[in-house]
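Participant: Before I ask anything, let me first share the structure, which is written out below as C-alpha cells.
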Amino acid sequence: MFHYNDLHSKFHNWPRLVSFLNEHRTDETLVFDLGDHADRTHPATEVTRGQVNTRLLNQIQPTAVTIGNNEGITFPHDWLVHLYDEADFPVLLGNVYHTDGERPKWANETLVVEQNGIHIGLFGVTAPYEELYPELGWSVESPHTATKRAIETLQDCDILIALSHLGFYADERLAEAFPEIDVILGAHTHHVLDDGVVKNGVLIAQAGKYGQYVGQVELTIEGKQIIEKRACLHDLSEREPDEETVTVLAEEYHQAERLLDVTIAETPGYASDWFGPSAIGDLLASGLADWCDAQLSIIPSGVLLDGLQPGHVTLNMLHRICPHPINPCVLTLDGATLVRLLNDVQEDAFTTMRVRGLGFRGTVLGMPVFHGLNLQSGGYYIDGQEIKLDETYRVATVDMFTFGPLLPYLADQPKRYFMPELLRDVLRETIMTRHHAIRKG
C-alpha cells in the first residue's frame, strides 16, 4: 500500500507523486491520502472551495481518504458539506458529525476491501478540536470512542488499518489502547518515519509533508495471518513529474488568479515591517478590535507578509499578503494575565520565533502590534486607565496564540473563536469600510 499526508495544497510535488503512482501502482495496490490535502493558502483551493483538491484526488483514484484539520476547521461548514460532491473515492471519518448527531453524507465510518480472500478493514479518525468544530456547526467525538466502535464493526476482518490525522504521539496512544489494529497510517505532525515505528505490535507509518515522500507499507500474510510488516519512504525530489498533471495545475492556478483579480478598494498604501512601525499592522489590529468588539487587540506583525502599494487593492493581493488559515479570537483575561501576555509577546525570543504549523504560513512572528493600548511611565493603559490586575478585559487576538505551544497559559482562558472568518476577511472588510469600496473584476 502507498500513503502520503499533509499535502497542504503544495502542488509543486503533486505531479511527481502522480508519476510515482502511475509507475508503481498495480491492481492490488491500496492508496491512501491521510488528510490536509487542501489548504486555503493556495489561491486555487480558495476560489474553488477545495474542489480543485477533490479533482486532483479523483485523478489518482485513492482507495480511501480521511480529512485533516485544514478541511475540518478552516473550511466553512457549507464548503465541507460539498467538498466531496464529485468525489470518486470514499472518505472515512468516524468522529465528526452534524450537531444533530447525524453522520455527514460524504463520510463513511468504515470500509472493507477484499483482496485474494483477505478482508481488510479500514476506518478513519481526525484530530478532535473540541473548541473549534462546534463553531462551524459540527460536533466531534473522541477518536478512541470512534476507534472502539469501528473495531467492533470490523471484527470479522483479517487486517485492520487506521487512517489517522491525529498526529504521531496520539497514534502511539491509539496503538497502546488498541493492539487489534495492524497498521496506523498517520499524518498531522509531519513526521518523517523512514521505516515506520512499531508500538505495542502496531506499525505506525507517516510520510512527512507537502508530497515530499510517498510511504510504502508491505504486509506478508500466510493463512490470513500477518507474519511481517515493513514500511519505507520514497523520496520524490528527483522524480520526473507527470506532464499532464503539470498542465492541469497551471490551468487551475491561472484560473484562480483571474477569479481573485477583483478590485475591492483604493487606498493610499500601507507599509509593512515585522520589527518596526507597520501601518498595515495598525490597520489590521484596529479592524480586529472592532470585529471582536474588544477593548484592545494584539497581533503578531509577521501575519502580514507584505504591505500594500498605493492604488487599487484586489482580493488576490490580500490572499498573498495574509494567506494564513488563522481565525480571529477574543479572550477574557484578568489584568495579571493580560500584563503577562503583553510582556511575553515583546520578548526577543518570541518576536524572532520561526513558527511552523498552528495555521501560520509566514516566517517569524515579528513585533506585536497593539490597538487600544498605551504605554505610560512603564505601565499599560486602556482607555486612559492603568490595567488593574484583578479586573477582566476583552482582548482580540489570533487563534494561534491560544492553542498551547506558543503561550501555554492562554489555552485554558475563556475565549471565543470567530469562524469561519479568517484574518484576511477582517482585513478586507476593514479596508472596504475605511476606504472607497470598489467591486469589480
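Sequential numbering of the sequence shown, starting at 7, is according to the working numbering.
C-beta: ideal position from N, C-alpha, C; glycine also.
Answer with yes or no whether the minimum CB distance from R326 to chain D is below 8 Å.
Facilitator: Of the protein chains in the structure, only one exists, and it is not chain D.
Participant: In angstroms, rounded to a whole number, what distance separates the CA positions of P374 and E92?
Facilitator: 43 Å
Participant: I need the boundaries of the alpha helix (DSSP H) containing L344, first residue and last residue.
Facilitator: G341 to D350
Participant: For T439, which of helix, strand or coil comes out of DSSP?
Facilitator: helix
Participant: Reducing DSSP to helix, strand and coil, say where C298 ends up.
Facilitator: helix
Participant: Have a look at D396 and L344 and give me their C-alpha separation to the nearest angstrom.
Facilitator: Computed Cα separation, rounded: 10 Å.
Participant: Report the start-end ranges of each alpha helix (DSSP H) in the segment 353-377 that is 4 residues or longer and not cut off at the edges.
Facilitator: 354-357
Participant: Which value, in whole angstroms, describes the spacing of the CA atoms of D405 and Y415?
Facilitator: 14 Å
Participant: In this structure, does DSSP put Y139 in helix, strand or coil?
Facilitator: Reduced to three states, the DSSP call for Y139 is helix.
Participant: Going by DSSP in three states, D33 sits in which element: helix, strand or coil?
Facilitator: coil
Participant: Can you name the start and end residues of the beta strand (DSSP E) that L169 belongs to?
Facilitator: For L169, the uninterrupted beta strand (DSSP E) run begins and ends at I165 to H171, by DSSP.
Participant: Tell me P414's beta-bridge partners as DSSP assigns them.
Facilitator: Partner(s): none; P414 has no beta bridge.
Participant: Give me the Cβ distance between I79 and L169, rounded to the nearest whole Å; I'm assuming they're in contact under 8 Å.
Facilitator: 18 Å between Cβ atoms; not a contact.
Participant: Using the Cα positions of H330 and H14, report the straight-line distance between them to the nearest angstrom.
Facilitator: 12 Å
Participant: What does E272 pair with, by DSSP beta-bridge criteria?
Facilitator: Partner(s): H318 and H442.
Participant: For the beta strand (DSSP E) that contains T72, what are its first and last residues?
Facilitator: Looking at the DSSP string, T72 is not in any beta strand (DSSP E), and its letter there is neither H nor E.
Participant: Give me, in chain order, the residues of the same chain whose beta-carbon lies closer than 8 Å to that of H318; leave out the 5 immediate sequence neighbours on both sides.
Facilitator: Within the same chain, H318 has close Cβ partners T269, A271, E272 and I444.
Participant: For the beta strand (DSSP E) containing T151, name the first residue and the last one.
Facilitator: That residue, T151, is in no beta strand (DSSP E); its alpha helix (DSSP H) goes P149 to T159.
Participant: Grab me the residues of D340's own chain with a C-beta within less than 6 Å of its C-beta, minus the 5 sequence neighbours each way, in chain order.
Facilitator: T398
Participant: Could you pull the start and end residues of the beta strand (DSSP E) that T132 belongs to?
Facilitator: That run of the beta strand (DSSP E) goes I124 to T132.
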